[in-house]
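Chains P and S, in that order, give the protein sequences.
For the first sequence, the positions run 1 to 202 when the numbering used here is used.
For the second sequence, the positions run 1001 to 1202 when the numbering used here is used.
Protein chains: 2
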Amino acid sequence: MTDLNEGPAADQTGPEAKPPRAKTHGARPRGNGGLARKRAALSEAKLLEFAELLFFAYRDFTSDPDAILKDFGFGRAHHRVLHFVNRHSGLRVADLLDILTITKQSLSRVLKQLIDKGYIVQQAGASDRRERLLFPTDKGRALAERLAAPQLVRLSEALKAAGPGAEAVLRRFLEATITAEERPKVSSIMASPAPLKPGGKD
Amino acid sequence: MTDLNEGPAADQTGPEAKPPRAKTHGARPRGNGGLARKRAALSEAKLLEFAELLFFAYRDFTSDPDAILKDFGFGRAHHRVLHFVNRHSGLRVADLLDILTITKQSLSRVLKQLIDKGYIVQQAGASDRRERLLFPTDKGRALAERLAAPQLVRLSEALKAAGPGAEAVLRRFLEATITAEERPKVSSIMASPAPLKPGGKD
DNA sequence: GAAATAAGTCAACATGGCTGACATAACCGA
DNA sequence: TCGGTTATGTCAGCCATGTTGACTTATTTC
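The structure is reproduced here in structure tokens:
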């Protein structure tokens, strides 16, 4: 928390209901939610709108692949795994765990299904043979691309609609939205849209 | 699909593995993934980067409230419900179903918990007494704000980092990312950061 | 008064998270 | 070379949250 501190968490857990017809949303007489003095800071209300828009945008962003996945008996978890294996083929199981922020038991379940059904193959690492490097099969690539297609259309159109300069702005926004400590990791992952340089863990 | 059509889904489900060391990511000799001629269209690779950044950004965007929710025995589903009830107090159950795109049975479970624990109250509609309008209690407002706080900080900083004009660009981008048919509904919902005008369903 | 609508409920099931415990193979340093 | 660490896999069970289908109740509407 760097800003906004006295905004939320200020009028704490009052007693009880006082049922309906609440004033706009909180007892907040200050005009700008506590972050007014910082010249450029947005009002809390505007930030909340962005939070909502982000929710709706992401909800719909995932809807097309979700629909396709059902035909394959897969879920969103499979999509995530397949996407990253396809885009960064040769990554290790540990890399994937780090990207997805899930446990290896959770990953194991979906990864095994993707392997069993022939969408992903494993290969022992060259330098370290304990590592299992992951690669998409042709079938895996085809599915990954089919899942990505509607998302790319969506993004392409949204960027166009956002107007000139949108690309740079959006990139900076998204990167800054990622937790600071995660950024180097994300950069490192995204820097290899190809076989990850072996041993390039961190 | 408006563009990008012959890009993905082109080289379909080939036979089998041909294991590792895949060329960058697909058999795609065309320089610009099939959407080159449209002067301003981004390359497939760049669009994929945006897709990944969106994933990472959203992953981290939800991480702070998720951590807080654990202390309350709630999950992300509770957060979503509480957020929308707080921001758009007085909405109906049907509105919520529409926003969240889940079944009423799914909603019922988390909503009941939020009601039982005193975060949300219901009130019969004035004009139509079948409707159950939803309102946050003081306790509910407090929790909603506590959950929102880190997200607002994150957004505020990311918008600052994105530079001048980011606000307008981002708004256009997010709105355009929402499925076209959903946009009127979303606008209508977002237009009421207060008690929804009764009967204002669609 | 009958049909349609808003909401709630019961039951069963699927997906994808989680924890904990433990096994195997390979690497690495003393 | 042995012993500790690391990378991965696996078994077992639990929880959160999504699904379908069937049905009830209250209320509005025609």
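Each residue gets a CB set at the ideal place from its N, CA and C atoms; glycine is no exception.
Please read all numbers here as calculations on a predicted model, not as lab measurements.
Name the two residues that bound the continuous alpha helix (DSSP H) containing residue i.
i	result
Pro-1193 (chain S)	Note, Pro-1193 (chain S): premise wrong, no alpha helix (DSSP H); not H, not E.
Leu-1152 (chain S)	1138 to 1162
Ala-180 (chain P)	Counting along the chain, Ala-180 (chain P) falls outside any alpha helix (DSSP H), and DSSP gives it neither H nor E.
Asp-1128 (chain S)	Careful: Asp-1128 (chain S) lies outside any alpha helix (DSSP H) and carries neither H nor E.
Leu-1053 (chain S)	1044 to 1061
Whose C-alpha, out of the options, is nearest the C-alpha of residue i?
i	options	result
Gly-1163 (chain S)	P:Lys-160, P:Glu-175 and P:Ala-161	P:Glu-175
Ser-1043 (chain S)	P:Glu-167, P:Phe-173 and P:Ser-187	P:Glu-167
Ala-1161 (chain S)	P:Gly-165, P:Arg-172 and P:Ala-161	P:Arg-172
Asp-60 (chain P)	P:Lys-104, P:Leu-159 and P:Pro-150	P:Pro-150
Phe-56 (chain P)	S:Phe-1084, S:Ala-1124 and S:Glu-1052	S:Phe-1084
Ser-63 (chain P)	S:Ser-1063, S:Thr-1062, S:Ile-1102 and S:Lys-1070	S:Ile-1102
Starting from residue i, follow the beta strand (DSSP E) in both directions and report where the run begins and ends.
i	result
Ala-124 (chain P)	120 to 124
Can you name, in chain order, every residue of its own chain whose Cβ lies under 6 Å from the Cβ of residue i, other than the five neighbours on each side?
i	result
Ser-192 (chain P)	His-88
Pro-65 (chain P)	His-79 and Leu-147
Lys-1104 (chain S)	Leu-1097
Val-1110 (chain S)	Ala-1077, His-1078 and Val-1081
Met-1190 (chain S)	none
Asp-71 (chain P)	none
Ala-36 (chain P)	Bear in mind that the predicted position of Ala-36 (chain P) carries a pLDDT of just 43, short of 50, making it unreliable; the figure below should be weighed with that in mind. Answer for Ala-36 (chain P): no residue qualifies.
Looking only at its chain, what residues have a beta carbon closer than 7 Å to the beta carbon of residue i, apart from the 5 residues adjacent to it on each side?
i	result
Tyr-1119 (chain S)	Leu-1082, Pro-1136, Thr-1137, Lys-1139, Gly-1140 and Leu-1143
Pro-1184 (chain S)	none
Leu-1100 (chain S)	Arg-1080 and Leu-1107
Asn-1086 (chain S)	Pro-1136, Gly-1140, Arg-1141 and Ala-1144
Ile-68 (chain P)	Arg-146 and Leu-147
Lys-1117 (chain S)	none
Val-1186 (chain S)	Ile-1178
Tyr-58 (chain P)	none
Gln-1012 (chain S)	Confidence at Gln-1012 (chain S) is low in this model, with a pLDDT of 35, below 50, so the placement of that residue should be treated as unreliable; the coordinate-derived value is given next. Cβ within range, chain order: n/a, list empty.
In its own chain, which residues sit with a C-beta less than 8 Å from the C-beta of residue i, not counting the 5 before and 5 after it?
i	result
Ile-115 (chain P)	Val-121 and Gln-122
Gln-113 (chain P)	Phe-74 and His-78
Leu-159 (chain P)	Ala-166, Glu-167 and Leu-170
Glu-52 (chain P)	none
Leu-1054 (chain S)	none
Arg-1204 (chain S)	Chain S is shown only over 1001 to 1202; residue 1204 (chain S) falls outside these bounds and no answer can be derived.
Quick check: the region 1140 to 1159 of chain S against the region 46 to 55 of chain P, are at least 3 beta-carbon pairs closer than 8 Å?
yes
Could you tell me whether the region 65 to 79 of chain P touches the region 174 to 187 of chain P, using the rule of 3 or more Cβ pairs below 8 Å?
no
Suppose only complete runs of 4+ residues qualify. What are the alpha helix (DSSP H) ranges in the region 78 to 113 of chain P, listed by chain order?
93 to 100
May I ask you to verify whether the region 89 to 96 of chain P touches the region 128 to 136 of chain P, counting CB pairs closer than 8 Å and requiring at least 3?
yes
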